[in-house]
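For the sequence shown, the working numbering begins at 601 and goes up steadily by one.
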Amino acid sequence: MDPVLWPDLKEKRILLAVSGGIAAYKAAELCRLLIRCGAHVQVVMTRAAREFVGEATFAALSGEQVATRLFDPQREASISHIELTDEADLLLLAPATANLLAQMAGGLASDLVTTLYLAFQGPVVVAPAMNVKMWAHVATQQNAAVLRERGHLFVGPAEGEMACGHVGAGRMSEPEDVLLAVGYALTPSCLKGRRVLITAGSTREPLDSVRFIANHSSGKMGFALAVEAAAQGAEVTLVAGPGALEAPAGVAFERVGTAEEMATRVLQNVAAVDVIVMAAAVADYRPLEVSPVKLKKEVWGDEPQVTLERTQDILQTLGERFGAGGGPVLVGFAAESAPDTASLDTLAREKLARKRCHLLVANDISRADAGFAGDSNRVVIYAPDGSREDVPLAGKRHIASRVLAQVVQLLEDRRLAAGGGRSPVRDRP
Ligand code: CTP
601 MDPVLWPDLK
611 EKRILLAVSG
621 GIAAYKAAEL
631 CRLLIRCGAH
641 VQVVMTRAAR
651 EFVGEATFAA
661 LSGEQVATRL
671 FDPQREASIS
681 HIELTDEADL
691 LLLAPATANL
701 LAQMAGGLAS
711 DLVTTLYLAF
721 QGPVVVAPAM
731 NVKMWAHVAT
741 QQNAAVLRER
751 GHLFVGPAEG
761 EMACGHVGAG
771 RMSEPEDVLL
781 AVGYALTPSC
791 LKGRRVLITA
801 GSTREPLDSV
811 RFIANHSSGK
821 MGFALAVEAA
831 AQGAEVTLVA
841 GPGALEAPAG
851 VAFERVGTAE
861 EMATRVLQNV
871 AAVDVIVMAA
881 AVADYRPLEV
891 SPVKLKKEVW
901 GDEPQVTLER
911 TQDILQTLGE
921 RFGAGGGPVL
931 VGFAAESAPD
941 TASLDTLARE
951 KLARKRCHLL
961 VANDISRADA
971 GFAGDSNRVV
981 IYAPDGSRED
991 VPLAGKRHIA
1001 SRVLAQVVQL
1011 LEDRRLAAGG
1021 GRSPVRDRP
C-alpha cells in the first residue's frame, strides 16, 4: 500500500497487545508502521508471545519499556497497569489467539492483556491469527461474534498458507491492513450509511493496440478520498483508471481503462449513491480512429496527424442532471496551471458554474509540491454560494478529510432542508 493512504495517527496513543503465535513477528512490523504514522505505542505482551518474539524487539521499535506482568513492582511505582488503559486512545490486539478471544468473550482477567482489555473503554481492534481449524471451530466463531457484537472491529484473519502448512482463513492480516483498520476505528463515522462513488487516476485513450494517450495523474488523491470515506463509515465504490495503486481494503474496487468505460461505470451507479467525487483526471479527448494492431512507422510516416474527438464530460453530464438538486452531491476537481492565485480563483469559479457541481476542489498543478503525482497537495474548495476554504499544503489523506468534511456538511444541510430530525452525524452517542 502506498504510504499516502496511511492514517494520520499523530497524538494517538495505542496499546498494542501481542499474544502468542507465530504471527507475533508481524506485530513488530505493525508496531513500526504505527510509529511511522505518528502514534505513541505501548506494547503489552502475553507470556506466550514472548516465546516467539523478544521484548527487546518491541522496546526498540516503540521506544517504550514493554509491559508483561500484571503486578510489576517496578512499573507499578511509576504507572499502574490500569493507568495504561486510561492513557490509551485505542486497544489493538494483534495477533489475537483463539485463547485470547475466548478469554475476552468470557470476561476473564487472568493476565495483563486480558485485565487491560476489561479495564479499557475505548475502541478495540482485533487481528486474529490461529490455525485454520481453530478459527473455523464453532467456539471461536461464537466468541468472535460476541466480540463483534460489542462493537470491536475485526480485521482478518486472512486466507492463505499457514505456518503449520494448512491453507484457509487463519493468518493474521497484513500489518498495513491492520493499520488501515486502526485508522478506521479512530475516525468519527460521519459518513455512516452513505454510499460514495469516487473516481481516481488517469484514463488511457488508445491510438493502436500498444499506444495510448494518458496523463500524469497517479490516482493518489482519489484513493486517499476512498480510504478516508471508508474510514468515516461510508460504503465506497472506487472506479480507477490504470495505475500502480492496489485496491484498498474495505472498498469496492473497479478498474477501468478509457474515459468511456469510466463514464459507463459512473452513470450506471448514479441512482445508488449519495455522493460522487470526480477526482479522476479523465481524458478530454481521444483518438477518433483506433487501430486494432500496432501501427508501423511506415504507416505513421514522419509527421503523423492524429485526429482527436471529445470524450463525454462525466461531471458535466451529472451536473446537468443533478446540479439543481434531487441527486447525489457532486464534487469536481480542477487541475489548473494558473499564473497567480486570482486567476486560479476565476478559473475555478467558472468551472464550478459550468459543470454545475456542488463543490469544486481546485489545485494549482504548476506548483512543485502540489498536484498530480505527489503525496501532498494544497487546494481550495469552492461552493456555489461563493464560499471557499483554503487547505494549506498537507498529505493527500488530510486533504481528503477536509473535502469530505464539506460533503458531510452538505448532506447535513440537505437532510435538515428536507425536514430531518436528529442527526445521525451530530447526535451520535
Ligand atoms: N471530468 C469528467 N469528464 C471528462 C473530463 C473531466 O468528468 N471527460 C471531470 C474531472 O474528473 C474533474 C473535472 O471534470 O472533476 C475537471 O476536469 P478538467 O479536465 O480539469 O476540466 P475541464 O472542464 O475539462 O477544463 P479544461 O481542461 O479546459 O481546464
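Ideal Cβ positions, reconstructed from N, Cα and C, are used throughout, including at glycine.
Residues bridged to Ile813 (per DSSP): Glu805
To which residues of the same chain is Ser773 closer than 7 Å at the C-beta, ignoring the five residues directly before and after it? Ala727, Val755, Gly756, Pro757, Ala758
Specify whether the stretch 768-787 and the stretch 628-639 touch according to this definition: at least 3 beta carbon pairs, one from each stretch, less than 8 Å apart. yes
Output needed for Arg910: all residues of its chain with C-beta closer than 7 Å, excluding positions within five of it in sequence on either side, in chain order. Asp884, Tyr885
If you measure between the beta carbons of Gly986 and Lys955, is that distance less than 8 Å? no
Going by DSSP, name the residue or residues bridged to Leu692. Leu616, Val725
Return yes when the C-beta of Ala859 is under 7 Å from any heavy atom of the ligand CTP, and no when it is not. yes
Tell me whether the stretch 992-1012 and the stretch 820-837 touch, counting them as touching only if at least three CB pairs, one residue from each stretch, are closer than 8 Å. yes
For Tyr625: DSSP bridge partner residues: Beta-bridge pairing links Tyr625 to no other residue.
What do you reckon, is the C-beta of Ile999 under 7 Å from a heavy atom of the ligand CTP? no
Of the residues Val767, Gln721, Ala763, Ala736, the one placed nearest Arg750, counting alpha carbons only: Gln721
Span of the beta strand (DSSP E) around Val643: 640-645
Taking DSSP's pairing of strands, which residues face Thr837 in a bridge? Leu797, Ala852
Proximity to Ala769 [Cα-Cα], best of Gln741, Thr715, Thr646: Gln741
Beta strand (DSSP E) containing Gly770: first to last residue? 767-771
Using the three-state DSSP reduction, which class does Asn963 fall into: helix, strand or coil? strand
Within 10 Å of its beta-carbon, does Val875 have 16 or more other beta-carbons around it, so buried, or fewer, so exposed? buried
Say the cut is 7 Å; is the CB of Ile635 nearer than that to a heavy atom of the ligand CTP? no
Tell me the DSSP secondary structure of Glu909 in three-state form. strand
Separation of Leu895 from Glu846, as counted between CA atoms: 31 Å
Whose CA, out of Gly663, Ile682, Gln665, Val929, lies closest to the CA of Phe671? Ile682
Report the three-state DSSP secondary structure of Arg1026 (helix, strand or coil). Note that Arg1026 scores 44 on pLDDT, short of 50, meaning its location in the model is unreliable and no value can be drawn from it.
For the putative contact between Gly833 and Ala800, defined by C-beta atoms under 8 Å, what is the C-beta separation to the nearest angstrom? That belief does not hold up - the Cβ atoms of Gly833 and Ala800 are roughly 20 Å apart, past 8 Å.
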